[in-house]
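Position 163 of the sequence shown, counted from 1, bears residue number 147 in this note's numbering, the numbering being contiguous throughout. Positions of the beta carbon are idealized from the N, C-alpha and C atoms, including for glycine. Since we're looking at a predicted model, the values are computed, not measured. The structure appears right after this line, and notes come after that.
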Amino acid sequence: MQGVDAAWLPDGAFRPIGTRRTLIRGSGPLVDTVHGEVAQACVRFGGNVSRDGSPGPYDLVLELTGDGRDSGDGGEAFTFERGDGRTTVTASGGPGLLYGFFHVVRLGDAAFRGTCERAYHRPELALRMLDHWDNVAVHPVMGQVERGYAGGSLFWADGRARAELLGRVRAYARLLAACGINAVAVNNVNVHEAEARLLTDRIGEVADIAGVLRPYGIRTHLSVTFAAPMVLGGLSTADPLDEGVREWWAETTSRVYEAIPDFGGYVVKADSEGQPGPFAYGRSHADGANMLAAALTASDSGYGGTVHWRAFVYDHRQDWRDRTTDRARAAYDHFVPLDGKFADNAVLQVKHGPMDFQVREPVSPLIGAMPRTRLAVELQATQEYTGQQRHVCWLGPMWSEVLRFRVDGVSPVGELARGGLVAVSNVGDDPFWTGHPLAQANLYTFGRLAWQPDADPGGILDEWIRLTFGVFEAFGAEPAAGLHAIMDGSWRTYEKYTAPLGVGFMVQPGHHYGPSVDGYEYSPWGTYHFADRDGVGVDRSCTTGTGYAGQYAKPWAEVYESPGTCPDELLLFFHHVSYGHILHSGKTVIQHMYDTHFEGVEEVEATMEVWASLADSVDPARHARVTERLEEQLRSAREWRDQINSYFFRKSGVPDAHGRRIH
Ligand code: GCU
């Protein structure tokens, strides 16, 4: 793996285990994986590992208990305890033993100190999934990885599965298992011609990838096109209620299971941004999803698969002159009437906000509004609208806010538990995995939050910093605290110098990098800010606006309805207000814009100073890569500051109270 960053699994992280005596009890492929890990660590550090139970003493016992059958926890739970100078991990399933092993890696030396009562660990959410928006063939506009900022695809190159890189995929699977991720979709939700065929004659390539992910407890999923029966099967329709179509899906799916016995299921983007779907046949999205759910159930694999049906359905051919259509309303309007109509193995996959992964959005009102449907929430680790992995933007605090959001006093995590948590992957074939080395923290944080959604994100960040950098001797408490501070605040810093107060977009059309206040203002995509000389923002109230605020349960419908109670950070998402409107903070909207944009740039400058001070504490290649990205971040932040401030100064004519230079 020379030349590839070890991310949060540097060799040194295995020293505490590799120098000790370990006993592994139990059998099965994942137990073999654990054994391989420990054995490798022992080769490096001089310890030893036994599987036959020869007399100890042992420092660490990793034991598969029971008969290995699923005891209601998917086999993913484990116990950890320490007493009599011995650390013991038990699990009833292979995945649990693997997660228990990585728990010990995370604890490091602390796992072998003092005593610790038996503690039971289990993932809160059964499905913790990454969706790769990877294309098999390079797409003329979107490239190899749609919205990918970390080079090419880990899985695909030159139009084929990258057989020669399966070593790299294995290293990836290991990283994912070490933060608790257990499912991966290997291709883009926009399924083009070559990718459509992964389902049929090219399933062998998917099976090869699945074979590499499996030893780390990861199930493989595939994005499929709803039109597959026509595109691949030569049928004249893809109508989900047509018998021939249903048979085609059932037969095709059974062949998928022959190739991949533990296949996870399908991901479908239908009737969305030009992708085909059931609307063409006058059918509902429940009809579409249930047809695929039936095909995935009919498989005699004994595992069963799940269809992840995306709720990202809206009119992308809107007329900007039409103020009655509101894209934010679309998912709720389409899907709430279908509550209770989806099959048990159909999961509705909902983006965390109603629009599209902006730096600030309210939590989607769909979450919590479909009690009889399994929902999965989709986050975006790839930083499409949050700096494209050229800017530091650690998303832990944003995701944690989503996961802690409460509707009527109830946490939607209960909702999530039924369908899981999904993130659009931010990984590619870049030597640092994520382009920006600090963007690795988003991937790690996603996995850890999916395991425990109410975990303190700051604690996860510390864990990531310690694992990733702690092996460098020069990386002591002070560098760790400095790095924590700049990353912890990076999402809010990014928010400060980009689109203000929840208004969203204002990005350059197409690639979505850099500012363009009116870039999407007169476009068909439904993403407007309605700035004029008097004010800015979208009126989504029930009284005078689009009625979107009314999609929320209590207390949020009332909170968002009035500018007097709406939180400042979402004001322009919900209301059109004058530039002189006074925020809860006491500032006017326009002064807030000026101030935050100046502050945002200053914060990036401070970040650069902190990073420069770490030059002797982290390895030179990583330091250089981050420095180069920070230079671009500063350039871009200044550009954002100047464009936003100038635009709104010229629109409003209101000068900056502090007389700073606005062009
Ligand atoms: C965004 C993104 C697209 C993507 C889409 C989706 O709009 O820009 O590239 O296809 O989301 O989630 O399907």
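1) Within 8 Å (strictly less), CB to CB, does Glu368 reach chain C?
2) Is it buried or exposed for Pro199, if we count other Cβ within 10 angstroms and need 16 for buried?
3) Would you be able to state if there are at least three C-beta pairs under 8 Å between the region 1 to 8 and the region 24 to 31?
4) Going by beta-carbon coordinates alone, are Pro213 and Gly272 separated by less than 8 Å?
5) Can you look up Phe633 in the DSSP assignment and give me helix, strand or coil?
6) For Arg524, is the classification buried or exposed, using 16 other Cβ atoms within 10 angstroms of its Cβ as the cut-off for buried?
7) Please state whether DSSP places Asp446 in a helix, a strand or coil.
8) In the structure shown, what three-state DSSP assignment does Gly77 receive?
9) Please report the straight-line C-alpha distance between Ala353 and Gly486, rounded to a whole angstrom.
10) State buried or exposed for Arg356, treating a residue as buried only when at least 16 other CB atoms are found within 10 Å of its CB.
11) Below 7 Å, is the gap between the Cβ of Phe489 and the nearest heavy atom of ligand 1?
12) Arg5 lies in the beta strand (DSSP E); which residues open and close that run?
13) Look at the alpha carbon of Gly52 and the alpha carbon of Ala469, and state the distance between them as a whole number of angstroms.
14) If you follow the beta strand (DSSP E) that Ser34 is part of, which residue opens it and which one closes it?
15) Over what stretch of residues does the alpha helix (DSSP H) that includes Lys480 continue unbroken?
16) Mapping DSSP to helix, strand and coil, what is Gln(-14)?
17) Whose C-alpha, out of Asp246, Arg307, Arg311 and Gly258, is nearest the C-alpha of Tyr288?
18) Taking the C-alpha atoms as reference points, what is the distance between Ser348 and Ile646?
19) Under 7 Å from any heavy atom of ligand 1, does the C-beta of Asn174 make it?
20) Rank Gln373, Thr366, Asp317 and Asp328 by C-alpha distance to the C-alpha of Ile351 and give the top, closest one.
21) DSSP beta-bridge partners for Pro660?
22) Short of 6 Å in beta carbon distance, which residues of its chain neighbour Tyr697, apart from the five on each side in sequence? Order them along the chain.
23) Smallest Cα separation from Val602: which of Leu359, Asp68 and Gly466?
24) Secondary structure at Ala(-3), three-state DSSP: helix, strand or coil?
25) Leaving out five residues before and five after Val33 in sequence, what residues of the same chain have Cβ atoms less than 7 Å from its Cβ?
26) Quick check on the burial criterion: 16 or more other C-beta atoms within 10 angstroms. Buried or exposed for His205?
27) With DSSP as the reference, label Thr611 as helix, strand or coil.
28) Quick one: what's got a C-beta closer than 8 Å to Gly(-13)'s C-beta in the same chain, skipping five residues either side?
29) Could you give the C-beta distance for Leu114 and Ala407, rounded to a whole number, given that I count them as a contact under 8 Å?
30) How is Leu648 classed by DSSP in three states: helix, strand or coil?
31) Does DSSP put Asp16 in a helix, a strand or coil?
32) Pick helix, strand or coil for Trp509, following the three-state DSSP scheme.
On the basis of the supplied data:
1) Among the chains of the structure shown, chain C does not appear; only one protein chain is present.
2) buried
3) yes
4) no
5) helix
6) buried
7) helix
8) coil
9) 22 Å
10) exposed
11) no
12) Arg5 to Arg9
13) Residue placement at Gly52 is poorly supported in this model, since its pLDDT is 48, which falls under 50; the coordinates still yield a value, given next. For Gly52 and Ala469, the distance between alpha carbons rounds to 43 Å.
14) Asn32 to Ser34
15) Ser474 to Tyr481
16) With a pLDDT of only 44 at Gln(-14), under 50, the local geometry of the prediction cannot be trusted, and no value is derived from it.
17) The sequence shown places Gly at residue 288, not Tyr. Checked all of Asp246, Arg307, Arg311 and Gly258; the closest Cα to Gly288 is Asp246.
18) 36 Å
19) yes
20) Asp317
21) Given a span of -15 to 647 for the chain in the structure shown, any question on residue 660 remains unanswerable.
22) Any property of residue 697 remains undetermined from this structure, which presents the chain solely from -15 to 647.
23) Gly466
24) helix
25) Thr6, Ile8, His19, Val22, Ala23 and Cys26
26) buried
27) helix
28) Pro415
29) 6 Å
30) Look at the range of the chain in this structure, -15 to 647, and you will see that residue 648 is not part of it.
31) helix
32) coil
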